[in-house]
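Enquirer: Structure incoming, see below.
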Amino acid sequence: MSMNSIVLAGRLGQNPQTQYFSSGACLTKCSLAVQKSKDEVSWFDLEVWGKPAEILANYTSKGSVIGVEGTLKIDIWKDKENNYREKPVIKVSKVQLLSSNKKDAETEEE
-12 MSMNSIVLAG
-2 RLGQNPQTQY
8 FSSGACLTKC
18 SLAVQKSKDE
28 VSWFDLEVWG
38 KPAEILANYT
48 SKGSVIGVEG
58 TLKIDIWKDK
68 ENNYREKPVI
78 KVSKVQLLSS
88 NKKDAETEEE
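Sequential numbering of the sequence shown, starting at -12, is according to my numbering.
So this is what it looks like as structure tokens:
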């Protein structure tokens, strides 16, 4: 038996970057800062598809606090010098909005 599951809560480190494909699929990428202590922050790259991707795109921005559930995957590629590179990425399946800077900004404007 194997298990690959991750649950995180933290702040978005950037505005979500969203792409729509001709197939209708939606992909959103962003980074998540998870603060372990006052001086220790871990950064995670997120890859979100489908409805959760649209939720991130429409209701969050840099600094928003979110919770995510997903799995860990390793992206592997060759760089310009033909060296193999790899990077851990969280493939998100569920998103929970814990605060939203976009909503807060809209409320302040009213």
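We treat Cβ as the ideally placed atom computed from N, Cα and C, and that holds for glycine.
In the region -3 to 21, which residue ranges form an unbroken beta strand (DSSP E) of at least 3 residues, counting only runs that do not cross its ends?
Expert: Those beta strand (DSSP E) runs which fall completely within the region -3 to 21 and span 3+ residues are 4 to 7.
Enquirer: Residue range of the alpha helix (DSSP H) that Lys74 falls in?
Expert: Along the sequence shown, read from residue 1 onward, the residue named residue 74 stands at position 87. Element bounds for Lys74: not the alpha helix (DSSP H) but the beta strand (DSSP E), Tyr71 to Leu84.
Enquirer: Compute the Euclidean distance between the alpha carbons of Lys67 and Lys81, then round it to the nearest angstrom.
Expert: Numbered from 1 along the sequence shown, position 80 holds the residue referred to as residue 67. Numbered from 1 along the sequence shown, position 94 holds the residue referred to as residue 81. If you take the alpha carbons of Lys67 and Lys81, they lie about 34 Å apart.
Enquirer: Tell me whether Glu99 sits in a helix, a strand or coil according to DSSP, three-state version.
Expert: Limits of the chain in this structure are -12 at one end and 97 at the other, which puts residue 99 out of reach.
Enquirer: In the DSSP output, what is Thr58 paired with across the bridge?
Expert: As a working note, residue 58 is residue 71 in the sequence shown. Answer by DSSP bridge pairing, in chain order: Lys78.
Enquirer: For Lys23, which residues does DSSP report across the bridge?
Expert: On the sequence shown, position 36 is the one that residue 23 refers to. According to DSSP, Lys23 bridges with nothing at all.
Enquirer: Here's the rule I'm using: 16 or more other beta-carbon atoms within 10 Å means buried, otherwise exposed. How should Ala44 be labelled?
Expert: Counting from one through the sequence shown, the residue named residue 44 turns up at place 57. Burial call: buried.
Enquirer: Among Ile53, Pro75 and Gly54, which has the Cα closest to the Cα of Ile63?
Expert: Counting from 1 along the sequence shown, the entry for residue 63 is found at position 76. With distances taken between Cα atoms, Ile63 lies closest to Pro75.
Enquirer: Within a Cβ cutoff of 8 Å, which residues of the same chain sit near Gly37, ignoring the five residues on either side of it in sequence?
Expert: As a working mapping, residue 37 is identified with position 50 in the sequence shown. Correct list, in chain order: Ala12 and Cys13.
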